[in-house]
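Asks: Numbering (this note's numbering), first residue to last: 518 to 783. I'd like to ask you about the structure that follows.
Put into structure tokens, the structure is as follows:
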């Protein structure tokens, strides 16, 4: 909806109860920034799907922010010496004057240079993939992974992210794996470059290189109904992981791992 369409639903008396100086200013904020319709106690919502309108506005705003962040990150990596950072990031150089970085992302080939990113030959559909990959390059690498595995909760300032990881990755994978034999799950992990790393207590374990220097250790326990245990997945990270990704990007990379496995096991 446009600001004019929204303002027609207000009393147009500029009462200020919404916190804006005028009904038009409030309407513009709703249309362009996803402001809450409910801040106007007099708004006529007849025939209006308020939730849908707000959701669409917020989605558009989020996409605009993602695209702006992509441009910012492109600017940040434009000054980096690709010949110096390729090896620490597990990438190889290719293209004109060796100014394109090539590396794998969940079994897909990434080509990244100062102009943009191709994922298996195509521009990524989701801008968040570009943000993740640019952040990885911007880190310039650090101490290599040591396979000293830790839970997300061990990383600093991660408490608020633990539930996100559980919801969008671990619980999703546990439900996905539950009806499947271990061999089928392991085969899907192998297609992403995964290597079996069994533990005594779990049904299976696989180390999957989400990015060259971002291995993630997937551990799965099948359900034990007689003992009241539901299926469970735990994702462990290398202790050096923050040398390569910030927490937000790390969580998103784990979500992408879950999504890729869901596609392979469909």
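Even for Gly, the Cβ is constructed at its ideal location relative to N, Cα and C. Bear in mind the structure is a predicted one, so any value in this text is a computation, not a measurement.
What are the start and end residues of the beta strand (DSSP E) that includes residue 621?
Replies: 617-622
Asks: Can you tell me which of the three DSSP states residue 746 falls into?
Replies: strand
Asks: Specify the secondary structure class of residue 581 as computed by DSSP and reduced to three states.
Replies: helix
Asks: Going by DSSP, what residue range makes up the alpha helix (DSSP H) through residue 653?
Replies: 644-656
Asks: Which same chain residues, not among the five before or five after residue 746, have their C-beta less than 8 Å away from its C-beta?
Replies: 738, 740
Asks: Does DSSP put residue 662 in a helix, a strand or coil?
Replies: Here residue 662 sits in coil by DSSP.
Asks: By Cβ distance, which residues of its chain are closer than 6 Å to residue 766, with the 5 residues on each side in sequence left out?
Replies: 649, 652
Asks: Is residue 662 buried or exposed, if buried means 16 or more other CB atoms sit within 10 Å of its CB?
Replies: With 16 or more other Cβ atoms within 10 Å, it is buried.
Asks: Would a C-beta distance cut-off of 7 Å place residue 644 and residue 709 closer than the cut-off?
Replies: no
Asks: I'd like to know whether the C-beta atoms of residue 678 and residue 759 end up nearer to each other than 7 Å.
Replies: no
Asks: Measuring straight from C-alpha to C-alpha, what distance separates residue 642 and residue 776?
Replies: 14 Å
Asks: How about residue 685 and residue 772: do their beta carbons lie closer than 7 Å?
Replies: yes
Asks: Taking C-beta to C-beta, are residue 721 and residue 666 nearer than 7 Å?
Replies: The answer is no: Cβ separation not under 7 Å.
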